[in-house]
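Q: Below is one structure. I have some questions about it.
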Amino acid sequence: MAKVWFVGAGPGDPDLITVRGRALLARAGAVLYAGSLVSAEHLHHLREGCAVADSSSMTLEEMLAWLLDQASRHAEVVRLQTGDPGLYGALAEVAGPLRAAGIKVGVIPGVSSAMASAAAAVETLTLPETTQTVILTRVAGRTPMPPGEQLRDLARHHCTVCIFLSATLLETVASELTHAGWSASAPILVVHKASWPGEEQIIRTTVAHLAEACQERGLHGQTMIIASPALQATRPEQPQAMRSRLYDPTFSHGYRP
Ligand code: SAH
2 MAKVWFVGAG PGDPDLITVR GRALLARAGA VLYAGSLVSA EHLHHLREGC AVADSSSMTL
62 EEMLAWLLDQ ASRHAEVVRL QTGDPGLYGA LAEVAGPLRA AGIKVGVIPG VSSAMASAAA
122 AVETLTLPET TQTVILTRVA GRTPMPPGEQ LRDLARHHCT VCIFLSATLL ETVASELTHA
182 GWSASAPILV VHKASWPGEE QIIRTTVAHL AEACQERGLH GQTMIIASPA LQATRPEQPQ
242 AMRSRLYDPT FSHGYRP
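Position in the sequence shown (from 1) plus 1 gives the number in our numbering.
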């Protein structure tokens, strides 16, 4: 029976796909890739004769029809998505009907742009006694937010907040953070095209200057906004105040008495 694999391509650099994802690409009979967001370099790793289609201009119905047709011809079909397939992708809409049609479905996780953005800027998303929580969210655009998930509600926790899909709504992001009690001078990290070779931009700004800092660079699309009290903790001049207990000489655990 055919299996359709939802493979996370990673944030941009084709080297950031998993080993398992690359191996699946190399043996799949057909690949449907999100051409607007996924590097075309992944296509260099396909086997000869592999059927390929770009989903960027397809409707859901067209994608399903293509995947169903290919699944009737090949044992393994790949749906290649940006970042991790479980975040802001159409996994439910596509996997559900495939399963209803009797096709097996598997997911290969990917490096999300939230992680790649923190990595690009050498930032940690958690820091002992500062924040131990990360919220992955967005603000409402054409997709509304479910009740209780407004940024002003979530950001009240003053933990790390990674904001996807919101580069055209920067004034809203700043005003929601302000409503949640973040100061105008609170640091904000913006990463555009994290990991894309030669295209990555890292912008350090504040709640007050977020919109203008991004607008003056003309940023839109593939832009991650990270608000966090842990930002800048890896700078060399930071005090050693927030050490992890795991590596504290006075803290014993299973691997160190
Ligand atoms: N599944 C993807 C997210 C898809 S939604 C993931 O796990 O990363 C698309 C949003 O992801 C964009 O609006 C942007 O906020 C973010 N994004 C995707 N690629 C990015 C990149 N290379 N750099 C920064 N943000 C990115």
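Where a beta carbon is used, it is the ideal one built from N, C-alpha and C, also for glycine.
(1) Using C-beta distances below 7 Å, list every residue in its chain close to Ala102, excluding the 5 sequence neighbours before and after it, in chain order.
(2) Smallest Cα separation from Leu88: which of Leu166, Arg28, Gly142 and Pro250?
(3) On the DSSP bridge list, what partners appear for Gln82?
(4) Are Ile109 and Phe7 closer than 9 Å when you measure CB to CB?
(5) Is Ser113 near ligand 1, in the sense that its beta carbon is under 8 Å from a heavy atom of that ligand?
(6) Return yes when the Cβ of Pro230 is within less than 9 Å of the Cβ of Thr161, no when it is not.
(7) Using DSSP bridges, identify the partner residues of Gln1.
(8) For a test of your reading of the model: does the CB of Val108 fall under 8 Å from any non-hydrogen atom of ligand 1? Yes or no.
(9) Please list the terminal residues of the continuous beta strand (DSSP E) segment that includes Ala35.
(10) What would DSSP say about Val53, mapped onto helix, strand or coil?
(11) Looking at Ala214 and ligand 1, is the gap between the Cβ and the nearest heavy atom below 8 Å?
(12) Under the three-state reduction of DSSP, which class applies to Thr173: helix, strand or coil?
(13) For Glu124, which of Arg28, Pro147, Asp16 and Cys163 has the nearest alpha-carbon?
(14) Excluding five sequence neighbours on each side, which residues of the same chain lie with their C-beta closer than 8 Å to the C-beta of Met2?
(15) Span of the alpha helix (DSSP H) holding Gly97?
(16) For Gly222, which option in His193, Gln202 and Gln233 has the closest C-alpha, if you only look at C-alpha atoms?
(17) Using only the heavy atoms of ligand 1, determine whether one of them is closer than 8 Å to the beta carbon of Gly90.
(18) Among the residues of its own chain, which have a CB less than 8 Å from the CB of Leu171, if the five just before and after it don't count?
(19) Since Val78 and Ala31 should fall inside the 8 Å C-beta cutoff, what is the C-beta to C-beta distance between them, to a whole number of angstroms?
(20) Tell me the rounded alpha-carbon separation between His60 and Thr169.
(21) Leu190 and Ala122 - do their beta-carbons sit closer together than 9 Å?
(22) Gln151: beta carbon under 8 Å from a heavy atom of ligand 1?
(23) Glu63: which of Tyr248, Asp85, Leu33 and His46 sits nearest, CA to CA?
(24) Contact check, Leu65 vs His43 under 8 Å by CB: the rounded distance?
(25) Give the straight-line distance between the Cα atoms of Arg74 and Gly22, rounded to the nearest whole angstrom.
A: In this structure, then:
(1) In the sequence shown, the residue the question calls residue 102 occupies position 101. Cβ neighbours of Ala102 beyond the five flanking positions: Leu69.
(2) One-based indexing of the sequence shown puts residue 88 at position 87. The shortest C-alpha separation from Leu88 is found at Leu166.
(3) Taking the sequence shown and counting its residues from 1, one reaches residue 82 at position 81. Paired residues: Gly9.
(4) Within the sequence shown, numbered from 1, the residue matching residue 109 stands at position 108. Within the sequence shown, numbered from 1, the residue matching residue 7 stands at position 6. Cβ distance < 9 Å, so Ile109 and Phe7 count as in contact.
(5) Position 112 of the sequence shown, counted from the start, is the residue given in the question as residue 113. Correct: Ser113 has its Cβ closer than 8 Å to ligand 1.
(6) Mapped onto the sequence shown, residue 161 falls at position 160. Mapped onto the sequence shown, residue 230 falls at position 229. Cβ atoms of Thr161 and Pro230: closer than 9 Å.
(7) As shown, the chain starts at 2 and ends at 258. That puts residue 1 outside it, with no answer to give.
(8) Locating residue 108 in the sequence shown gives position 107, counting from the first residue. Every heavy atom of ligand 1 is 8 Å or more from the Cβ of Val108, so no.
(9) If you number the sequence shown from 1, residue 35 lands on position 34. No beta strand (DSSP E) holds Ala35; DSSP gives it neither H nor E.
(10) Residue mapping note: residue 53 aligns to position 52 of the sequence shown, counting from 1. It is a strand residue.
(11) Taking the first residue of the sequence shown as 1, we reach residue 214 at position 213. Result no, Cβ not under 8 Å from ligand 1.
(12) Locating residue 173 in the sequence shown gives position 172, counting from the first residue. The answer is helix: DSSP assigns Thr173 an H, G or I state.
(13) In the sequence shown, residue 124 corresponds to position 123, counting from 1. The shortest Cα separation from Glu124 among Arg28, Pro147, Asp16 and Cys163 belongs to Cys163.
(14) Taking the sequence shown and counting its residues from 1, one reaches residue 2 at position 1. Cβ within range, chain order: Gly103, Ile104 and Lys105.
(15) On the sequence shown, residue 97 is found 96 positions in, with the first residue counted as 1. Boundaries of the alpha helix (DSSP H) around Gly97: Leu92 to Ala101.
(16) For the purposes of this step, residue 222 is taken as residue 221 along the sequence shown, with counting starting at 1. Ranking the options by Cα distance to Gly222, first place goes to His193.
(17) Position 89 of the sequence shown, counted from the start, is the residue given in the question as residue 90. The answer is yes for Gly90.
(18) For this step, residue 171 is matched to residue 170 along the sequence shown. Cβ neighbours of Leu171 beyond the five flanking positions: Leu211, Ala212, Cys215, Gln216 and Ile226.
(19) Numbered from 1 along the sequence shown, position 77 holds the residue referred to as residue 78. Numbered from 1 along the sequence shown, position 30 holds the residue referred to as residue 31. Confirmed, about 5 Å.
(20) Taking the sequence shown and counting its residues from 1, one reaches residue 60 at position 59. Taking the sequence shown and counting its residues from 1, one reaches residue 169 at position 168. Residue identity differs from the one stated: residue 60 is Thr in this sequence, not His. Going from the Cα of Thr60 to the Cα of Thr169 covers about 23 Å.
(21) Sequence index remark: in the sequence shown, residue 122 carries index 121 (1-based). Sequence index remark: in the sequence shown, residue 190 carries index 189 (1-based). Yes, these two residues count as a Cβ contact at 9 Å.
(22) Counting from one through the sequence shown, the residue named residue 151 turns up at place 150. Checking the Cβ of Gln151 against ligand 1 gives no.
(23) Along the sequence shown, one-based indexing puts residue 63 at 62. It is Leu33 whose Cα lies nearest to the Cα of Glu63.
(24) Translated into positions along the sequence shown, residue 65 becomes position 64. Translated into positions along the sequence shown, residue 43 becomes position 42. In fact, because the Cβ distance is near 22 Å, the residues do not count as touching under 8 Å.
(25) Reading the sequence shown from its first residue, position 73 is the one you call residue 74. Reading the sequence shown from its first residue, position 21 is the one you call residue 22. Near 21 Å, if we compare the C-alpha coordinates of Gly22 and Arg74.
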